[in-house]
Amino acid sequence: MLNTKKLEQFIEENMLEKNVPGLALGIIKDGKILYQNGFGYTSTEETAIPISPRTLFSLGSVTKPLTGSMIMKLVEEGTLGLDEPVISYIPWFKLEDAAASKAVTLRMLLSHTAGLPHLFEQYGSLDSDASEKLVRSLSQQQLSFFPGKTWSYSDLGIDTAGYIIEFILKNSFKDIMKERLFAPLEMEKTTFDHLEAMTYPLALSHFKNEDGKFVVNHKYIGGAAQNPSSFAISNVEEMLKFLHMLLSDGMYNGRPYLSQESIKEMFSIQGDYYLPNDAGYGLTFETDNYKGIRRIWHDGAVQSFGSWIFMAPEQQLGVVLLTNRIDGFWDTCEELVHLIFDQVLDLNEQSVQIPNSYVGETINHSLCTGTYYGPWIGIYCIEEVNGQLYFKQNNKETLLIPFGKDRYVGNEDGREIALGFLPHNGNTVTDMMVNGIPCEKVSNDPAYRFNVTNLNPYLGSFQKGNDLLRFHVSHNQLMCFDEYDQKDYDCIFLSESKLMFANCLIEFMFLEDGSLPSVRLNKGKILLRIDK
16 MLNTKKLEQF
26 IEENMLEKNV
36 PGLALGIIKD
46 GKILYQNGFG
56 YTSTEETAIP
66 ISPRTLFSLG
76 SVTKPLTGSM
86 IMKLVEEGTL
96 GLDEPVISYI
106 PWFKLEDAAA
116 SKAVTLRMLL
126 SHTAGLPHLF
136 EQYGSLDSDA
146 SEKLVRSLSQ
156 QQLSFFPGKT
166 WSYSDLGIDT
176 AGYIIEFILK
186 NSFKDIMKER
196 LFAPLEMEKT
206 TFDHLEAMTY
216 PLALSHFKNE
226 DGKFVVNHKY
236 IGGAAQNPSS
246 FAISNVEEML
256 KFLHMLLSDG
266 MYNGRPYLSQ
276 ESIKEMFSIQ
286 GDYYLPNDAG
296 YGLTFETDNY
306 KGIRRIWHDG
316 AVQSFGSWIF
326 MAPEQQLGVV
336 LLTNRIDGFW
346 DTCEELVHLI
356 FDQVLDLNEQ
366 SVQIPNSYVG
376 ETINHSLCTG
386 TYYGPWIGIY
396 CIEEVNGQLY
406 FKQNNKETLL
416 IPFGKDRYVG
426 NEDGREIALG
436 FLPHNGNTVT
446 DMMVNGIPCE
456 KVSNDPAYRF
466 NVTNLNPYLG
476 SFQKGNDLLR
486 FHVSHNQLMC
496 FDEYDQKDYD
506 CIFLSESKLM
516 FANCLIEFMF
526 LEDGSLPSVR
536 LNKGKILLRI
546 DK
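Written out as structure tokens, the structure reads:
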């Protein structure tokens, strides 16, 4: 049973402790609103007004399930097909690889299995042709893997799916969403238009200024090309309507919006995270298992905004949580969601279902050993000692225990590490998932090191937007000073043109004459040289 006093005490105490301006929360159970409330204010300024369930927040990546639901409506109507190649809709669609261009489907775009890198622009163009320009630029992007091989989160995939809709229906994405999703679900204030949002109570983003004070950010982010993945603006009241439809087998106010089959497809794992809690990505939704309860969810973060939607379909429970501060507050919001699930569904620690020890066949260990790297995650080594696999990073070794044929879990200083090995053609492993993040194998040797003697070609400063990296040498070691972090990092070479520092992958984009005009960050953003 929901204990509102305990719930509100948890929220208010944590908001005060972590200096959170505003938060809105809504809970739906068995088709009825169980709870909705607002806490705090729209900003830290004197003109701020109290937060309510009707206060608008930027959703960030919680936009993706909205986009996915509208696309599934078009699939049901026969306008689109999940497994049709993208080139059947956009004849000029082109990636860096001709075979990949023909292989990509709408299903892959919606499930992050198309191999597109993760690329996000906070301040993009608002022009009507912005989406087309973005999709035409995909031929210049380096694929993370061949389409369909594995899973890797990518805003570009959802944004490309959004452009397909524009191309087919000959209308802007935001107008299509308003007509085809927001209007049928009576989401009257939900919008992609900042000027429209400003006419309603609107939570504002914040940042820390040079004095360390948390102040309003008076620059609102947005971009037409990134609308499908990132830039919806909504509130708790209207997002609960969206969850109500999904939890009601696609029905809203007695009228069908989506079929049960479409919702089942969206909630089914398309991209496997290789985690013990059965986690994975469906079609614009994530899924996992919490204390024996199947959850469907998504989260989002943009500027200082944080957003979460969680559903337990079998228990008919839905949660919407929106805030305008996530720095130092993200984990607290996840604790809040856990508290709600525990209270409403009467869960406790004994509800946790611990899988039995796996005793079946496991993958050949010799295929798994080697050195791996991944954007956002770093360099990892897998080695075999006395018939057992070990995971190694930063000179720390962790014993791996199988929980499936190609799945392992380890415990590093209380932190769970889950690994999945992706066999290729049955006789080699070229990729590994680490806590749901893909990594590539650079060598079969766990002790692999690539030595570079002449560091001069790598020196320089490179920038795009807020990303500014300065490569320099200290004591014969190539270093990278990250202006955003204000930290200096050791660089570890993977090849003549690739290296890692911290959890960042850098590709040096040398020209034939040996000059270095740019570097690629984490397989996506290209930073240009700013020094001569």
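Numbers in the working numbering are just positions in the sequence shown, counted from 1, shifted up by 15. Even glycine gets a Cβ: it sits at the ideal position worked out from N, Cα and C.
Check whether the Cβ atoms of residue i and residue j lie closer than 7 Å to each other.
i: Pro390; j: Leu531; result: no
i: Gly435; j: Asp421; result: yes
i: Ile248; j: Thr214; result: no
i: Thr386; j: Ser458; result: yes
i: Gly286; j: Thr128; result: yes
i: Lys88; j: Ser244; result: no
i: Gly315; j: Leu262; result: no
i: Pro291; j: Ala433; result: yes
i: Thr82; j: Gly177; result: yes
i: Gly53; j: Ile64; result: no
i: Leu158; j: Leu121; result: no
i: Met202; j: Pro162; result: no
Can you give me the C-alpha to C-alpha distance between residue i and residue j, rounded to a whole angstrom?
i: Cys396; j: Arg430; result: 17 Å
i: Val251; j: Leu38; result: 10 Å
i: Asp505; j: Thr59; result: 39 Å
i: Tyr235; j: Arg340; result: 15 Å
i: Asn469; j: Pro216; result: 58 Å
i: Glu399; j: Tyr405; result: 6 Å
i: Glu350; j: Ile26; result: 10 Å
i: Tyr272; j: Met260; result: 8 Å
i: Asn224; j: Ser510; result: 39 Å
i: Ala114; j: Asn466; result: 34 Å
i: Leu337; j: Pro68; result: 9 Å
i: Met192; j: Met85; result: 7 Å
i: Ile369; j: His353; result: With a pLDDT of only 47 at Ile369, under 50, the local geometry of the prediction cannot be trusted, and the value read off the model is given with reservation. Spanning the two alpha carbons is a distance of roughly 18 Å.
i: Ile105; j: Leu171; result: 16 Å
i: Val558; j: Tyr267; result: There is simply no residue 558 to check, as the chain begins at 16 and stops at 547 in what is shown.
i: Ile378; j: Lys513; result: 29 Å
i: Gly139; j: Thr413; result: 43 Å
i: Lys479; j: Lys540; result: 8 Å
i: Asp144; j: Asp226; result: 40 Å
i: Leu360; j: Met16; result: 7 Å
i: Met30; j: Ser152; result: 42 Å
i: Asp142; j: Leu74; result: 21 Å
i: Asp482; j: Lys47; result: 45 Å
i: Leu552; j: Ser103; result: In the structure as shown, the chain starts at 16 and stops at 547, and residue 552 therefore has no counterpart that could be examined.
i: Gly265; j: Asp500; result: 45 Å
i: Asp45; j: Phe356; result: 14 Å
i: Arg310; j: Ile42; result: 14 Å
i: Cys495; j: Phe516; result: 7 Å
i: Gln403; j: Gly425; result: 12 Å
i: Ile394; j: Phe246; result: 33 Å
Skipping 5 residues on each side, what residues in its chain have a beta carbon closer than 8 Å to that of residue i?
i: Thr443; result: Leu382
i: Glu91; result: Leu273, Ser274 and Ser277
i: Asn537; result: Pro132, His133, Pro390, Trp391, Cys519 and Leu520
i: Trp312; result: Phe300, Glu301, Thr302, Asp303, Trp323, Ile324, Phe325 and Met326
Is it buried or exposed for residue i, if we count other Cβ within 10 angstroms and need 16 for buried?
i: Ser283; result: exposed
i: Val35; result: buried
i: Asp528; result: exposed
i: Gly597; result: An answer regarding residue 597 cannot be provided, because it is not within the stretch 16 to 547 covered by the chain.
i: Glu498; result: exposed
i: Ser372; result: exposed
i: Arg270; result: exposed
i: Ser154; result: exposed
i: Asp174; result: buried
i: Gly238; result: buried
By Cβ distance below 6 Å, which residues in the same chain neighbour residue i in space, the five residues on each side in sequence not counted?
i: Leu543; result: Ser533
i: Lys407; result: Cys396
i: Tyr288; result: Ala294, Gly295 and Gly451
i: Ala218; result: Gly37, Thr57, Thr70, Phe72 and Asn339
i: Val367; result: Per-residue confidence for Val367 stands at a pLDDT of 48, beneath the threshold of 50, marking its modelled position as unreliable; the derived number appears in the next sentence. So the list reads Lys306, once near-sequence residues are dropped.
i: Met254; result: Val335
i: Phe477; result: Leu484, Val534, Leu542 and Arg544
i: Ile308; result: Ala327
Residue i bridges to which residues according to DSSP?
i: Ile432; result: Gly425
i: Ser489; result: Gln492
i: Ser249; result: Phe72
i: Trp312; result: Glu301 and Phe325
i: Thr120; result: Pro100
Sorted by chain position, which residues of the same chain lie with C-beta nearer than 7 Å to residue i's C-beta, five sequence neighbours on each side aside?
i: Leu493; result: Leu470, Tyr473, Phe486 and Cys506
i: Phe229; result: Asn34, Thr59, His221 and Lys223
i: Lys189; result: Phe207, Asp208 and Asn242
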